[in-house]
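If you're matching them up, the sequences are chains U and W in order. Here the numbering used here is used: the first residue of the first sequence is 1, the next is one more, and so on. Here the numbering used here is used: the first residue of the second sequence is 1001, the next is one more, and so on. Positions of the beta carbon are idealized from the N, C-alpha and C atoms, including for glycine. Written below as structure tokens is the structure these notes are about.
There are 2 protein chains.
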Amino acid sequence: MAVAVDLAILTVRSGRLEILLVRRGIEPYLGSLALPGGFLASPEEDLDAAAARELTEETGLAAKGLHLEQLGAYGAPDRDPRGRVVTVCYLALMPDLPLPVAGGDARSAEWVPVQRVLRRRAGVAFDHAKIIKDAVERARSKLEYTTLATAFCSPEFSVSELRRVYEIVWGQPIDPRNFHRKVTSIEDFLVPTGKYTTRDGGRPAALYRRGSATLLHPAILRNGTGRRQLARLRQAR
Amino acid sequence: MAVAVDLAILTVRSGRLEILLVRRGIEPYLGSLALPGGFLASPEEDLDAAAARELTEETGLAAKGLHLEQLGAYGAPDRDPRGRVVTVCYLALMPDLPLPVAGGDARSAEWVPVQRVLRRRAGVAFDHAKIIKDAVERARSKLEYTTLATAFCSPEFSVSELRRVYEIVWGQPIDPRNFHRKVTSIEDFLVPTGKYTTRDGGRPAALYRRGSATLLHPAILRNGTGRRQLARLRQAR
DNA sequence: CCGCGTTGTCGTCAAGCTGACGAAAACCGT
DNA sequence: ACGGTTTTCGTCAGCTTGACGACAACGCGG
């Protein structure tokens, strides 16, 4: 039985959540889009190490420093026409970096808006649509209770850049003032650099670096599901 | 490369969180405790289906109705001395039911307090200690924001039985009055049966069934990490 | 049958968090 | 200098939370 490792690499780019897909150069699904990945290089290779290796091969970037976590194993018997393949999928988050065009592999890699995949406007190979759906949902929910959103930001970022990450990943607007109050009050989430930027126009924004915190307390909750939200909707009719 | 499916079956029993382990009847690790599990029965078997099958084999209970979710894949190259084995582990939660002694397999199954494993007072085979640690942590955190605690309860249960589940899994006391207010105010979490029980002594307690809700809003947070908790600790010195 | 311990349920209150929103600060380009 | 824009600080009502008092409703032992 074959074991493969696939990667769901997400980024926030040009105002959208996008995922890195490759155009397959071999059968099956020749020519369609698919998650980057491959079979284990050697029987001695650790799963996590294989994922890191693939990540470097596809993006040309050191896996070090990038967030990489296991998403889950997918093993429906008919998911690969070549036979039984179980794939262990990993989720990676990265800032919008220029990719060293077409990874080490001959296959060409491209950023695809996840909405295109989720709305079935872009067909993907195997059961990768389902995997991408899971990856996006994992990212969305992890923004709520971890500091993972900073993984989408460059090393130094402003509060509004962080807010834009939340808005784009969740697909809903967030009040800038309340967001600012919240994130700056969480200990060890953001550490000030003392520097300022005006790259968004307007008043200069303070730049921060990631702090040591990994869990958010209290969490930053999405709207739409909380009871307060529901109560308001009921009131408003 | 071999693919196995293992099970971390948790229950709340005699005031503790316990896990179902089997004593191995074959090498390697003959005689030690290990998670129940096995290799895929056939190349056509789905991972989820294999997990459900193992669950039935080991507990004699229909997997239907029990909570079963994937925990993750474990694939360190040296985790099995026989060679390269990737195992996909599943987490199952169940109420304290009498097991039809020693599952279908010849191996004997027994409930082991997780504390015994986590504190290394009970050695377990392979990398199963790590898996069990992950399973317990998953269960603990899922109690916070899902209705999963009811999976540890019998079909009809009182608020205090539910509270005891939280107290035992989290290992910390919870105020009965606040807990009662909270869980009864969450919509579709508990549906009253109209029946009452006195099995805990004292005033009869209303019996409830699981409601249709799966997510808790707002979440029931563990103590010890929230900022309010921290603030209080600082105050108290 | 009557107190008493036990457990379940309802209330109250202060403190904290959240969402909605006003307003000022500090930059840009014209 | 003057709007336009973005950032940041405040304010306020409404809700949730934790701590805790009070009472209800059982079983039990005397």
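Closer than 7 Å to chain W by CB, Glu-54 of chain U: Judged by the 7 Å Cβ criterion, Glu-54 of chain U is not in contact with chain W.
Below-7 Å beta-carbon distance, Ala-106 of chain U vs any chain W residue: In this prediction, Ala-106 of chain U has a pLDDT of 49, which is less than 50 and means its spatial position is unreliable; what the coordinates show is noted afterwards. For Ala-106 of chain U, no CB of chain W lies under 7 Å from its own CB, so it is not counted at the interface with that chain.
Buried or exposed (CB count within 10 angstroms, at least 16 for buried), Ala-106 of chain U: Here the model assigns Ala-106 of chain U a pLDDT of 49, short of 50, so the residue's position is not dependable, and the following value carries that caveat. Sixteen is the threshold: since fewer than 16 other Cβ atoms of the shown chains lie within 10 Å of the Cβ of Ala-106 of chain U, the residue is exposed.
Inter-residue spacing [alpha-carbon to alpha-carbon] between Val-1183 of chain W and Leu-1190 of chain W: Val-1183 of chain W and Leu-1190 of chain W have their C-alpha atoms roughly 8 Å apart.
Phe-39 of chain U, enclosing beta strand (DSSP E) - first and last residue: Per DSSP, Phe-39 of chain U is one residue of the beta strand (DSSP E) stretching across 37 to 39.
Start-to-end residues for the alpha helix (DSSP H) that takes in Val-85 of chain U: Boundaries for Val-85 of chain U: no alpha helix (DSSP H) harbours it, while the beta strand (DSSP E) harbouring it runs 85 to 94, taken from the DSSP string.
Three-state secondary structure (DSSP) of Ala-1106 of chain W: Because the pLDDT at Ala-1106 of chain W is just 49, under 50, the model does not fix this residue reliably, and the value given afterwards should be weighed accordingly. Assignment of Ala-1106 of chain W by DSSP, reduced to helix, strand and coil, places it in the coil class.
Within 7 Å, strictly: CB atoms of Val-1159 of chain W and His-1180 of chain W: Cβ atoms of Val-1159 of chain W and His-1180 of chain W: closer than 7 Å.
Rounded C-alpha distance that separates Gly-25 of chain U from Thr-1087 of chain W: Cα to Cα, the separation comes out at about 30 Å.
Exposure label - Tyr-1166 of chain W; buried when at least 16 CB within 10 Å: The residue is buried, with at least 16 neighbouring Cβ atoms inside 10 Å.
Closer than 7 Å to chain W by CB, Pro-43 of chain U: Closer than 7 Å to some Cβ of chain W, the Cβ of Pro-43 of chain U qualifies, so yes.
Opposing strand residues paired with Val-117 of chain U [DSSP bridges]: In the DSSP output, where bridge partners are listed per residue, Val-117 of chain U has none listed.
7 Å Cβ shell around Asp-188 of chain U - same chain, five flanking residues per side excluded: Cβ neighbours of Asp-188 of chain U within its own chain (closer than 7 Å, five residues either side excluded): Gly-211, Ser-212, Ala-213.
At least three beta-carbon pairs within less than 8 Å, the segment 1036 to 1056 of chain W to the segment 40 to 60 of chain U: The segment 1036 to 1056 of chain W vs the segment 40 to 60 of chain U: no contact.
Three-state secondary structure assigned by DSSP to Tyr-74 of chain U: Of the three classes helix, strand and coil, the one that applies to Tyr-74 of chain U here is strand, per DSSP.
Distance, Thr-1197 of chain W Cα to Pro-1204 of chain W Cα: In a straight line, the C-alpha of Pro-1204 of chain W is about 5 Å away from that of Thr-1197 of chain W.
8 Å Cβ cut-off: residues of chain W touching Asp-46 of chain U: In chain order, Gly-1075, Ala-1076, Pro-1077 make up the part of chain W whose C-beta sits under 8 Å from the C-beta of Asp-46 of chain U.
Within chain U, the residues that Gly-1072 of chain W reaches when beta carbons sit closer than 7 Å: Per Cβ cutoff of 7 Å: Gln-70, Gly-72.
Ile-1186 of chain W - DSSP class collapsed to helix/strand/coil: Taken through DSSP and simplified to helix, strand or coil, Ile-1186 of chain W comes out as coil.
Bridge partner(s) assigned by DSSP for Ser-158 of chain U: Per DSSP, the beta bridge partners of Ser-158 of chain U are U:Leu-207.
Residues near Ala-1122 of chain W in its chain [Cβ-Cβ closer than 7 Å; skip 5 each side]: Only Leu-1033, Val-1112, Arg-1116 meet the Cβ criterion.
Reduced DSSP category for Thr-59 of chain U - H, G, I as helix; E, B as strand; rest coil: Reduced to three states, the DSSP call for Thr-59 of chain U is helix.
Per-residue burial, Thr-1193 of chain W [other beta carbons within 10 Å of its own, 16 or more giving buried]: Thr-1193 of chain W comes out exposed.
The segment 1038 to 1046 of chain W in contact with the segment 73 to 92 of chain U per 3-pair CB rule at 8 Å: Yes, the segment 1038 to 1046 of chain W touches the segment 73 to 92 of chain U.
Per DSSP, the bridge partner or partners of Ile-9 of chain U: By DSSP's assignment, Ile-9 of chain U forms a beta bridge with U:Ala-92.
Three-state secondary structure assigned by DSSP to Tyr-1196 of chain W: Correct three-state label for Tyr-1196 of chain W: strand.
Classification of Arg-82 of chain U by the beta-carbon crowding that lies within 10 angstroms, buried from 16 upward: Per the 10 Å Cβ criterion, exposed.
As assigned by DSSP and simplified to three states, the class of His-217 of chain U: In the structure shown, His-217 of chain U sits in coil (DSSP, three-state: anything other than H, G, I, E or B).
Neighbourhood of Arg-138 of chain U by C-beta distance below 7 Å, restricted to the same chain and skipping five residues each side: Here the set comprises Leu-71, Leu-91.
Proximity below 7 Å, CB of Leu-93 of chain U to CB of Ala-8 of chain U: No. Outside cutoff.
Supposed contact pair Arg-1084 of chain W and Met-1001 of chain W - C-beta distance, whole angstroms, cut 8 Å: About 5 Å separates the two Cβ atoms, so the contact holds.
Cβ pair Gly-1207 of chain W, Glu-1156 of chain W closer than 7 Å: The identity of residue 1207 of chain W in the sequence shown is Leu, whereas the question assumes Gly. Yes. Within cutoff.
Alpha-carbon to alpha-carbon, Asp-96 of chain U and Pro-1218 of chain W: Distance between the alpha carbons of Pro-1218 of chain W and Asp-96 of chain U: 33 Å.
Counted within 10 angstroms of its Cβ, other Cβ atoms place Asp-200 of chain U as buried (16 or more) or exposed: Asp-200 of chain U should be labelled exposed.
For Trp-170 of chain U, the three-state DSSP class (helix, strand or coil): Of the three classes helix, strand and coil, the one that applies to Trp-170 of chain U here is helix, per DSSP.
Nearest candidate by alpha-carbon position, reference Glu-110 of chain U, set U:Arg-13, U:Arg-177, U:Leu-66: For Glu-110 of chain U, the nearest C-alpha among the options comes from U:Arg-13.
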